[in-house]
Amino acid sequence: MIQRKRMYPGPGQESVWDYPRPPRMEKTTRHLVVIFNDIVIAETRRGFRMLETSHPPTYYFPPEDVQLAQYFTRTPNATFCDWKGEALYYTITVGDKCAVNAAWYYPHPFSLYEEAAGYVSFYPRKVDACFVDGERVQPQEGALYGGWITKDLIGPFKGGPGSTGW
Numbered sequence: 021m022i023q024r025k026r027m028y029p030g031p032g033q034e035s036v037w038d039y040p041r042p043p044r045m046e047k048t049t050r051h052l053v054v055i056f057n058d059i060v061i062a063e064t065r066r067g068f069r070m071l072e073t074s075h076p077p078t079y080y081f082p083p084e085d086v087q088l089a090q091y092f093t094r095t096p097n098a099t100f101c102d103w104k105g106e107a108l109y110y111t112i113t114v115g116d117k118c119a120v121n122a123a124w125y126y127p128h129p130f131s132l133y134e135e136a137a138g139y140v141s142f143y144p145r146k147v148d149a150c151f152v153d154g155e156r157v158q159p160q161e162g163a164l165y166g167g168w169i170t171k172d173l174i175g176p177f178k179g180g181p182g183s184t185g186w
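Shown next as structure tokens:
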């Protein structure tokens, strides 16, 4: 197993190792944008970010700021998070391009996260681009993870090879 080495944040940075467990959900007014097949499919300044130890933030969009009716189809896929409850998934289709299970939401999250019910989150690696305040994010490694890495974050980040036991 690869050992993780704690890094410490500089001015204007956050360390994912300072994030709590269970995760903390906080409102954000940062400008969040998701693009798929050259179309803006989600854009907001009214999102949430989920902060969990060792993970870059996962951003959630209010459903009214996502082009749900036009580009999203519910899939039979469902997963379970010990903290938030059952997640359901969407496939995104824009023109002839399709991304299966590229977005998810919690229809009935556990009480600590109930304010985020119905909010939609995206896997950055499954769409063309995600942006936070104009900065293109890097996807968190690992098939299970949907974190958005920006220049103001420091890791190491869970999800890469050897990080399973963190």
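Residue numbers (this note's numbering): 21 to 186. For glycine and all other residues, C-beta sits at the position ideal for the given N, C-alpha and C.
**OP:** In angstroms with no decimal places, state the Cα-to-Cα distance between E134 and H75.
**Re:** Here the question's residue 134 lines up with position 114 in the sequence shown. Here the question's residue 75 lines up with position 55 in the sequence shown. The alpha-carbon atoms of E134 and H75 are separated by roughly 21 Å.
Original post:
Ordered along the chain, which non-local residues of its own chain (more than five positions away) have a Cβ less than 8 Å from that of A107?
Top reply: On the sequence shown, residue 107 is found 87 positions in, with the first residue counted as 1. Same-chain partners within the cutoff: A98, T99, F100, C101, W124, Y125, Y126.
**OP:** Throw me the rounded Cβ distance for the G166 and Y143 pair, which I believe falls under 8 Å.
**Re:** Within the sequence shown, residue 166 is the residue found at index 146, counting from 1. Within the sequence shown, residue 143 is the residue found at index 123, counting from 1. About 5 Å separates the two Cβ atoms, so the contact holds.
Original post:
Helix, strand or coil for P181 per DSSP?
Top reply: As a position in the sequence shown, residue 181 is number 161, starting the count at 1. Correct three-state label for P181: coil.
Original post:
In the DSSP assignment, what are the bridge partners of E72?
Top reply: Taking the first residue of the sequence shown as 1, we reach residue 72 at position 52. Beta-bridge pairing links E72 to no other residue.
**OP:** Note the first and the last residue of the continuous beta strand (DSSP E) segment covering L108.
**Re:** On the sequence shown, residue 108 is found 88 positions in, with the first residue counted as 1. Unbroken beta strand (DSSP E) run through L108: 105–114.
Original post:
Is V114 buried or exposed, if buried means 16 or more other CB atoms sit within 10 Å of its CB?
Top reply: Along the sequence shown, read from residue 1 onward, the residue named residue 114 stands at position 94. With 16 or more Cβ atoms within 10 Å of its Cβ, V114 is classed as buried.
Original post:
Nearest CA to the CA of S35: which residue from G182, T184, K178, S183?
Top reply: What you label residue 35 is simply residue 15 of the sequence shown in a count that begins at 1. Of the listed residues, the one whose Cα sits closest to S35 is K178.
Subject >> Euclidean distance between Cα positions of Q90 and V60 >> reply: For the purposes of this step, residue 90 is taken as residue 70 along the sequence shown, with counting starting at 1. For the purposes of this step, residue 60 is taken as residue 40 along the sequence shown, with counting starting at 1. Spanning the alpha carbons of Q90 and V60 requires a straight line of approximately 12 Å.
**OP:** For the alpha helix (DSSP H) holding A89, just list the boundary residues, first then last.
**Re:** Against the sequence shown, residue 89 aligns to sequence position 69. Judged by DSSP secondary structure, A89 falls within the alpha helix (DSSP H) whose first and last residues are 88–91.
**OP:** Tell me where the beta strand (DSSP E) around K117 begins and ends.
**Re:** By one-based count along the sequence shown, residue 117 stands at place 97. Looking at the DSSP string, the run of the beta strand (DSSP E) that includes K117 is 117–125.
**OP:** Compare the Cα-Cα distances from D172 to each of V152, A122, V54 and report the closest residue.
**Re:** As a working note, residue 172 is residue 152 in the sequence shown. The residue with the shortest Cα to Cα distance from D172 is V152.
Subject >> Selection from E63, P77, A62 that minimises the alpha carbon distance to P40 >> reply: The residue given as residue 40 occupies position 20 in the sequence shown. The option with the nearest alpha carbon to P40 is P77.
**OP:** Answer yes or no: do P187 and E161 have a C-beta to C-beta separation smaller than 9 Å?
**Re:** This structure does not reach residue 187, given that the chain is present from 21 up to 186, and the question cannot be answered.
**OP:** Go ahead and label M45 buried or exposed: buried means 16 or more other beta carbons lie within 10 angstroms of its beta carbon, across all protein chains shown.
**Re:** As a working note, residue 45 is residue 25 in the sequence shown. When all chains shown are included, M45 counts as buried.
**OP:** Tell me whether M27 is buried or exposed, calling it buried when 16 or more other Cβ atoms sit within 10 Å of its Cβ.
**Re:** Numbered from its first residue, the sequence shown carries residue 27 at position 7. It counts as exposed.
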